[in-house]
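FYI, the numbering for the sequence shown is 1 to 75, going by the UniProt record's numbering.
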Amino acid sequence: MSWDDEQVRFKVVINHEEQYSIWPAYKTRVPDGWREAGMEGNKAECLAYIEQHWTDMRPLSLRKAMDGEAATASS
């Protein structure tokens with residue numbers, strides 16, 4: 001089974017750092033550290049969803065650290 005086949009279904013998954021990926025829908029269990037984001041479709045649909053929702057590629061921990069530094073610098 002090729003992952004580029006239009007009939008293969010995927011789920012969008014997200015981890016604790018708010019990083020997105022796709023996971024084959026036929027695999028009932030997502031990898032440890034990931035949870036389903038609520039989107040399922042073919043590869044192109046899932047990648048379009050990720051492109052729309054993952055607008056900041058930085059991991060959540062880095063965003064928080066940088067926001068903290070910015071707040072400290074402006075005080």
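For each residue, glycine too, the CB sits at the ideal point set by N, CA and C.
- Under the three-state reduction of DSSP output, Met-57 falls in the coil class, being neither helix nor strand.
- Across the structure, Ala-48 and Gly-68 are spaced so that their CA atoms are roughly 31 angstroms apart.
- Selection Ser-61, Tyr-20, Thr-55 and Asp-32 evaluated against Met-39 yields Tyr-20 as nearest (Cα-Cα).
- Checking the DSSP bridge columns, you'll see Gly-41 partnered with Phe-10.
- In summary, Lys-11 is buried, with 16 or more beta-carbon neighbours lying within 10 Å of its beta-carbon over all protein chains present.
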